[in-house]
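Asker:
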Amino acid sequence: MRITRRQFGVSAIGSSIQFARAQEEPALQVERVATGFRFTEGPAWSRGGFLLFSDTPGNRIMKYVPGEQPVVFRENANGATGNAFDAQDRFYTCESHTRRVVRSDRKGEIQVLADRWEGKRLNAPNDIVVRKDGHVYFTDPAFGSQADTRELDFYGVFHIAPKGGLRLIAKPAGRPNGIALSPNGRVLYVTNSDEHNVRAYDVDHDGDAANERVIISGLDGVPDGLRADDKGNLYVATDRISVYDTQNKLIDNLGTPEKPSNCAFGDADLQTLYITARTSLYRARRNVKGALQY
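In this text, residue positions in the sequence shown follow the working numbering: the first is -3, and each later residue adds one.
(1) I'd like the span of the beta strand (DSSP E) that includes E91, first residue to last.
(2) Go through the segment 152 to 212 residue by residue and report every complete run of the alpha helix (DSSP H) that reaches 4 residues or more, in order.
(3) Would you call the segment 110 to 117 in contact with the segment 60 to 77, where contact means no fewer than 3 C-beta pairs closer than 8 Å?
(4) Could you check whether Q142 and S100 sit closer than 9 Å to each other, using their CB atoms as the reference points?
(5) Exposed or buried, what is V68 when buried is set at 16 or more other beta-carbons lying within 10 Å of its beta-carbon?
(6) Would you give the residue range spanned by the beta strand (DSSP E) that E292 belongs to?
(7) Mind the definition here: the segment 257 to 265 touches the segment 182 to 201 only if three or more C-beta pairs lie below 8 Å; say whether that holds.
(8) With DSSP as the reference, identify every bridge partner of F81, one or two as the case may be.
(9) Roughly how many angstroms separate the alpha carbons of D241 and G181, rounded to a whole number?
(10) How big is the Cα-Cα spacing for V98 and I212?
(11) So, with DSSP's three-state summary, where would you put D225?
(12) Is it buried or exposed, D149, if we count other Cβ atoms within 10 angstroms and call 16 or more buried?
(13) State the DSSP-derived secondary structure class of A143, mapped to helix, strand or coil.
(14) Output yes if chain B places a C-beta closer than 9 Å to the C-beta of L250; else output no.
(15) Is the segment 155 to 174 in contact with the segment 218 to 228, if contact means three or more CB pairs nearer than 8 Å?
(16) Does DSSP put L148 in a helix, a strand or coil?
(17) Given that a residue counts as buried once 16 or more other Cβ atoms are within 10 Å of its Cβ, and exposed if not, what is G104?
(18) Compute the Euclidean distance between the alpha carbons of V194 and R102, then round it to the nearest angstrom.
(19) Use the C-beta contact count for E37: other C-beta atoms within 10 angstroms, 16 or more gives buried, fewer gives exposed.
(20) Does the Cβ-Cβ distance between R281 and F33 come in under 9 Å?
(21) Is DSSP giving D248 helix, strand or coil here?
(22) Would you check if the distance between the CB atom of I124 and the CB atom of F134 is smaller than 9 Å?
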């Protein structure tokens, strides 16, 4: 049965906020674990047991270890937005101010992976995902003042091969935003903020993409980040976190006190969904594991 929308009742108990879903279902706890930021984005879980996320207007990347207070991981982060880790636990970041994608190793040394396409500067890389074999995918829209200084005449979805080399996957009419991979790494998902949909692409062994199609349309609000769990369900950040099954049917809605921007699974068992939402970081326990590519 397709679920179109659920309404939530809210009651605050300490830092935990309870959202009563349908009467026959157990209540789901959404806990605010940190607040006081300007705009949070790009949650990424490290196998080292911590979460990194961006405070984009604050120009910093934060580190959160469960049970502790967040600390600054990187100052002067060049307008960091989307983040990701690879199988070697190297850290990838989309820098909107410098219009580039960078990777840092465990020593903190930063390498620029992409900043130009055919001699022109990228618009403003926004979100990123890395497949377990090292193939990197990122979106390159332009929001707000970024649109005034564009050198490219299109919005792009790009691919970086493990040995380097930038390839253009798609040039959608609307702005691509969030990006994620299926559990087996064979399907790439991209939200489109202007068209209010999610597109899918088949990606092969070499990382090349084909068979572009819209799999979810008519999303409420402005779709942003998304993630998959190990069953293949998609979690899409819009006005809430909307969950779609492998048949692209809406099966759940998870409300948050603030509008979410992105989400990522974490904790030792990968069953905690971390949600970045405006000034805060939230989390909710799930009964399914996240699909990490590494």
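We treat Cβ as the ideally placed atom computed from N, Cα and C, and that holds for glycine. Bear in mind that the values here come from a model prediction, so they are computed numbers and not experimental data.
Answerer: Let's see:
(1) By one-based count along the sequence shown, residue 91 stands at place 95. Taken as a continuous stretch (DSSP letters only), the beta strand (DSSP E) holding E91 covers 87 to 91.
(2) Segments of the alpha helix (DSSP H) lying fully in the segment 152 to 212: there are none.
(3) The segment 110 to 117, when compared against the segment 60 to 77, does not touch it at the 8 Å Cβ threshold.
(4) As a first step, residue 100 must be located in the sequence shown, where it is residue number 104. As a first step, residue 142 must be located in the sequence shown, where it is residue number 146. The answer is no: Cβ separation not under 9 Å.
(5) Mapped onto the sequence shown, residue 68 falls at position 72. With fewer than 16 other Cβ atoms within 10 Å, it is exposed.
(6) Because residue 292 is not part of the residues shown, which for the chain are -3 to 290, the question remains open.
(7) Taking 8 Å as the limit for Cβ pairs, the verdict is that the segment 182 to 201 does not touch the segment 257 to 265.
(8) Locating residue 81 in the sequence shown gives position 85, where the first residue counts as 1. Beta-bridge analysis with DSSP links F81 to F87.
(9) Position 245 of the sequence shown, counted from the start, is the residue given in the question as residue 241. Position 185 of the sequence shown, counted from the start, is the residue given in the question as residue 181. Distance between the alpha carbons of D241 and G181: 17 Å.
(10) Residue numbering aside, residue 98 sits at position 102 when the sequence shown is read from its first letter. Residue numbering aside, residue 212 sits at position 216 when the sequence shown is read from its first letter. When only Cα atoms are considered, V98 and I212 end up about 30 Å apart.
(11) Here residue 225 refers to the residue found at position 229 of the sequence shown. Shown here, D225 sits in a strand according to DSSP, grouped into three states.
(12) For the purposes of this step, residue 149 is identified with residue 153 of the sequence shown, where counting begins at 1. Under this definition D149 is an exposed residue.
(13) Locating residue 143 in the sequence shown gives position 147, counting from the first residue. The answer is helix: DSSP assigns A143 an H, G or I state.
(14) Chain labels in this structure do not include chain B; a single protein chain is all it has.
(15) The segment 155 to 174 and the segment 218 to 228 touch, with no fewer than 3 CB-CB distances between them shorter than 8 Å.
(16) As a working mapping, residue 148 is identified with position 152 in the sequence shown. Coil, per DSSP.
(17) For the purposes of this step, residue 104 is identified with residue 108 of the sequence shown, where counting begins at 1. Note on G104: under 16 other CB atoms within 10 angstroms of its CB, so exposed under the neighbour-count rule.
(18) As a first step, residue 194 is located in the sequence shown; it is residue number 198 there, counting from the start. As a first step, residue 102 is located in the sequence shown; it is residue number 106 there, counting from the start. Looking at the backbone, the Cα of V194 and that of R102 are separated by about 33 Å.
(19) Taking the sequence shown and counting its residues from 1, one reaches residue 37 at position 41. Around the Cβ of E37, a 10 Å sphere holds 16 or more other Cβ atoms; the residue is buried.
(20) Numbered from its first residue, the sequence shown carries residue 281 at position 285. Numbered from its first residue, the sequence shown carries residue 33 at position 37. In this structure, F33 does not lie closer than 9 Å to R281 by Cβ.
(21) Taking the first residue of the sequence shown as position 1, residue 248 is located at position 252. D248 carries a strand assignment under DSSP once its states are collapsed to helix, strand and coil.
(22) If you number the sequence shown from 1, residue 124 lands on position 128. If you number the sequence shown from 1, residue 134 lands on position 138. Result yes, Cβ atoms of I124 and F134 sit closer than 9 Å.
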